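Protein chains in written order, with the UniProt record's numbering: chain A, 1 to 1002; chain B, 1 to 152.
Using N, Cα and C, we set each Cβ at its ideal position, and we do this for glycine too.
Computed from a predicted model, the values in this text were never measured in an experiment.
Have a look at the structure below before the remarks.
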Amino acid sequence: MGPKLKQSYHHSVTVKVNEQMGTKRGYTFIQANRAWLPKFLLLWVMVMAFLSTWIYKKMDADNKVRRKEVLSSMCDQRARMLQDQFSVSVNHVHALAILVSTFHYYKDPSAIDQETFAEYTARTAFERPLLSGVAYAERVKHSEREKFERQHGWTIKTMKREPSPIRDEYAPVIFSQETVSYIESLDMMSGEEDRENILRARATGKAVLTSPFRLLGSHHLGVVLTFPVYKSKLPPKPSVEERIEATAGYLGGAFDVESLVENLLGQLAGNQAILVNVYDITNSSDHLIMYGHQNQDGDLALLHESKLDFGDPFRKHQMICRYHQKAPTSWTALTTAFLFFVICLLVGYILYGAAIHIVKVEDDFHEMQELMVRAEAADVAKSQFLATVSHEIRTPMNGILGMLALLLDTDLSSTQRDYAQTAQVCGKALITLINEVLDRAKIEAGKLELETVPFDLRSILDDVLSLFSEKSRNKGLELAVFVSDKVPEMVMGDPGRFRQIITNLVGNSVKFTERGHIFVKVHVAENPKPKDDAKAEIRLNGGSDEGALISGSRQFNTLSGYEAADERNSWDSFQHLVTAEALRNDASEKMTVAGEASRSVTLMVSVEDTGIGIPLIAQDRVFTPFMQADSSTSRNYGGTGIGLSITKCLVELMGGHISFISRPQVGSTFSFTTVFGRCKKASHSDTKKSNAEDLPSGFRGLKAIVVDGKPVRAAVTRYHLKRLGMLVEVANNVKIAASACGKNGSSCGSKIQPDIVLVEKDSWLSGEDGCLSLRMLDLKQNGHVFKLPKMILLATNITNAELEKAKAAGFADTTIMKPLRASMVAACLQQVLGTGKSLPGKGILNGSSVLGSLLCGKRILVVDDNMVNRRVAAGALKKFGAAVECAESGKAALKLLQLPHSFDACFMDIQMPEMDGFEATRRIRMLESQANEQMNGDTNKGSGKKDKWHLPILAMTADVILATYDECLKCGMDGYVSKPFEEENLYQAVAKFFKTKPISDS
Amino acid sequence: MDVVNQLQRQFLDYSASLHREGFLDDQFTQLQKLQDENSPDFVVEVASLFFEDCEKLINNMARALEQQGVDFKQVDASVHQLKGSSSSIGAMRVKNVCIAFRSFCEAQNREGCLRCLQQVTHEYSLLKNKLQTLFRLEQQILAAGGSVPAIE
């Protein structure tokens, strides 16, 4: 079965792994794009660099715009002021012109002469801060030149201070401000600029300006303003000719533009920052500078032009402003952008780092998961391996053990025998260990399945006890079992595993106990009855209080008188049990019905010993596999420490819980609960019958007195006797017993003649020697007793000398060696009472005789195509008393099994030509179900002996592959036996089947 | 009595040698255990059944293998039968050859099958001789008034 199973298992593991991988591969976005992460980072940095550049540019542009605005506003402001100042001056000149025309021409004689004019102009100079000086030139025609020259006493001169050549007209200065007195008598018309100005001024009647030129006095750039003065009032809309005609002279003033602007700018804030140039742009191709240097450095990139209107429509002026310095680098913008970049860089890096970290963590996580899956697989594989290997080891080990057994039966020298025995012991130990490991592995692999079959708990406990009786007797230990009456006789559960648990616990106890007792108790786990009743009961039974002190030294109310670890389990609580039973016996049927109504029963099992106990440090790892209390334990007592862990697993599988109380050097008490199903009512009574067969019923109604100073031990004895159907009284000591026998209605309440008196060895030895039998004889002689009760001594171990003494003292009848078992007690009693015949119960552990009893008289059909096989199987079954018929094919078998037939079982080969075992079984089952249906049709006829056809069919097969077994069950077989018949194997298969038969029938 | 003892020892030695040489295994011992007053000739009966069976099967197989197109299924069925019988009687060596035989059948290897057939025939006749000797010894013991010693 190994490889196949393993393969499929392996497959399932792989699938599981794959599935897990599948789900795990659901990567996150980050994980999926892990290769792109550095590129993402680079992209991020680039985008951020771009962004910060953009921010810088934007801020810089903002700055520039603001700068430009500042510049333009400053420039405009300057231009406006200049214009205002200029127009103020022009207005004054205008006023002066009117003054001249008024006082020079309208008055006759003229009210103004040079002196007056100079005086006046000097005093009103503050009104014209921009004009370096004003002068008045009179219009003189050539015809009037001589007259004029005569009148003024000087000749008209040109600008170059030469007598003026002859012209049509002249404009000699007659009045001048003191500051410009040097131009008096100069003909203004002689200068090209001035002449043009004069002509334009008298034509328009407005102030006109010359283009800038270097002024005569200072070397500043300046312009000359010319204003016409008219002789007479002009008509409202004079024509140019009229104006020219009316012109009397010209008032002129020189504007020192340079100092004007200088002055002006000096008054304003921010003067240093900007550079102002003023141009005359009348000739658009050639700008004449009026102020400032032509070639100035400064910020050439940015300039602002403002128009200037000085009131002369022919001339255009403009002011150009620019900053002194180039626009300073904008540090704010730069830092902002840089900081932004740095922050973004950092953010990017942090994100990148986080992503990398996530990737790493996820990678680690996946790795861990993979490792975990592998570890789990390894764990499963380990269990699998253990199971397989231990299974494989078992087979050859069986061979070794068998051979050793054979070897031991041959003629061997003592040394050889010793060696062989040692080898056998070792081999057995090894096989036990392997079985345990196998169990453990099975449990771990979850492959252990519990059976649910009805079994007798008491007989199992008896069996276990008998296993250890030899050892305990050798050690002088009291070994006893007590099962509460409330525990149902038959329970549903796994007897094998229950036995294993008990065997483990008792085995441990026996191993670690050198003195005292081991006591197994089973009772139903429920709340005990109130204490008071219990005490009353006990007093009735002879008083428990005196029993506490018997031999002077401290005694405990336990089985052997040694102290037990768990005090709760001592006599006090034990009383409850006994009492509860007593009450229950009295209780009405109702309660029984109620109790049985529940489906399951929880049992509390405790195994108490007075051994070395478990050291406190080791107590918490008692259930850990391969852990013993300490290393010295295994040296002194052997063992591997796996037993308890298996026990724990099994108990938990059975729905229970295990715990223990242990005191070093005092003892340990292991208690566990387990849940069993109750048997159904019908089957219960059914099995009761069969159980009654196990224990002889010949003792029913017999009366016995148990003489024992220790109540617990007495209760155990009583329990066993009760199981045989006997009425039991307990007497505390010999005296009471004797009196009980003697007088009716004595202290122990017995009104009956005992048939048997069982005396505990301790009680006998501690009591008066032999007085009991003497007294008995005495009684008989006195006619009180008609029949001498049988005297039986109960002992754990007894020396020959003691035995002789006992015989002499009247215990001639028999001595029962403990541990007590119902069947053994029955056998002894039978011997004593002379009911004769060996008991069937004796052979309980002997497989073949049991098999004989199981198979005896059964009609069995063997189906096999192989002649030899058929013969061998038939031979083997015949040996056990079965009546065997053979069929050589499936068809033949079918013919024989036509209903109704009288076969009790069928052994069927699987591989047969024509119709194989599976097919044959299927057909048989079909026939049966048809028959059953028909029978169900007329059920009202009343149930027959057999209400259902179901022939047990067991497969015979050479290969014991599990799959084959499953197939067997699937097609309706009940079990299988491996082919070369082995007694044990056969027994197991048949026993399981024939035992469960009543259940399946019901 | 001396003769009986001697015969008994001879019988034991012989059967031990049969076990040792692997002709027989535990199953044969089991068979011997099954023999009791009720069926005194059980082992002999089973053995003769086995021999008959063997001869028949060997003939079957030989015939099948001689044919042009060998029907390996048929051969395999026969080998399976033979294996079953031999393991039932505890004829270990025959059984072991059968195991090899079956693998050749599965591989449809005619050469191997023929070789195995030869081996089986050989083993079978050997075993037959040996068992007949054993039974003869038994008879002699019984004739001399002794009882056949139980084999452990």
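The way I'd put it, the region 49–58 of chain A doesn't touch the region 280–292 of chain A; fewer than three beta-carbon pairs between them come closer than 8 Å. Residue state for Ala905 (chain A) is assigned as strand, using DSSP reduced to three classes. Rounded to whole angstroms, the gap between the alpha carbons of Leu117 (chain B) and Pro913 (chain A) is 22 Å. Ile617 (chain A) has its alpha-carbon roughly 25 Å from the corresponding atom of Arg440 (chain A).
If you look at Glu305 (chain A), you'll find it in the beta strand (DSSP E) that goes 303–308. Met908 (chain A) sits buried, since 16 or more C-beta atoms from the chains shown fall within 10 Å of its C-beta.
Any Cβ of chain B closer than 8 Å to the Cβ of Asn398 (chain A) would place that residue at the interface, and such an atom is absent.
The beta-carbon of Ala795 (chain A) is placed no less than 8 Å from the nearest beta-carbon of chain B. Residues of chain A whose Cβ lies closer than 8 Å to the Cβ of His80 (chain B) are, in chain order, Gln911.
For Gly881 (chain A), no beta strand (DSSP E) segment is defined, and its DSSP state is neither H nor E. Between Leu225 (chain A) and Ala207 (chain A), the C-beta gap is smaller than 8 Å, which places the two residues in contact.
A direct Cα-to-Cα measurement between Thr124 (chain A) and Arg243 (chain A) gives close to 28 Å. Between the region 75–88 of chain B and the region 52–67 of chain B, the count of Cβ pairs shorter than 8 Å is three or higher; the stretches touch. In the DSSP assignment, Leu404 (chain A) falls within the alpha helix (DSSP H) that extends over 331–409. In the structure shown, Phe314 (chain A) falls within a coil segment according to DSSP collapsed to helix, strand and coil.
Within a 10 Å sphere around the beta-carbon of Tyr976 (chain A) sit 16 or more other beta-carbons, which makes this residue buried. A Cβ of chain A is located within less than 8 Å of the beta carbon of Leu31 (chain B). Counting only the Cα atoms, Ala375 (chain A) lies some 35 Å from Gly507 (chain A).
If you keep only unbroken beta strand (DSSP E) runs of at least 3 residues inside the region 190–250 of chain A, you get 221–230. Inside the region 459–517 of chain A, DSSP marks whole beta strand (DSSP E) runs of 3 or more residues at positions 478–483, 490–493, from first to last along the chain. Secondary structure note for Lys58 (chain A): its alpha helix (DSSP H) is the uninterrupted segment 37–100. Flagged as an interface residue toward chain B: Val872 (chain A), by a C-beta distance shorter than 8 Å. Per DSSP, the continuous alpha helix (DSSP H) segment holding His720 (chain A) begins and ends at 711–723. Residue pairing by DSSP places Cys321 (chain A) opposite A:Val276, A:His304 in a beta bridge. Annotation: Asn33 (chain A) has no Cβ neighbours in chain B at a cutoff of 9 Å; minimum Cβ distance is about 56 Å. In this structure, Ile661 (chain A) and Thr669 (chain A) form a Cβ contact; the two beta carbons are roughly 5 Å apart against a cut-off of 8 Å. Put simply, the backbone Cα of Cys98 (chain B) is about 35 Å away from that of Leu142 (chain B). Ser181 (chain A) is not a Cβ neighbour of Ser164 (chain A), given a cutoff of 8 Å. Using beta-carbon distances, Asn508 (chain A) does not count as an interface residue toward chain B, since no partner is under 8 Å. Between Leu899 (chain A) and Ala920 (chain A) a beta carbon distance of about 15 Å is seen, past the 8 Å cut, so the two are scored as non-contacting.
Within a 10 Å sphere around the beta-carbon of Asp364 (chain A) sit fewer than 16 other beta-carbons, which makes this residue exposed. In terms of Cα proximity to Pro328 (chain A), the closest of A:Arg67, A:Val605, A:Leu308 is A:Arg67.
DSSP places Ile617 (chain A) within a helical segment (H, G or I) once states are collapsed to three.
Annotation: His657 (chain A) is outside any alpha helix (DSSP H); the continuous beta strand (DSSP E) that includes it extends over 657–663. A distance below 6 Å between beta-carbons, with the five flanking residues on each side excluded, links Gly655 (chain A) to the following residues of its chain, in chain order: Val675.
By a beta-carbon distance limit of 8 Å, Pro454 (chain A) contacts Val491 (chain A). Their separation comes to about 7 Å.
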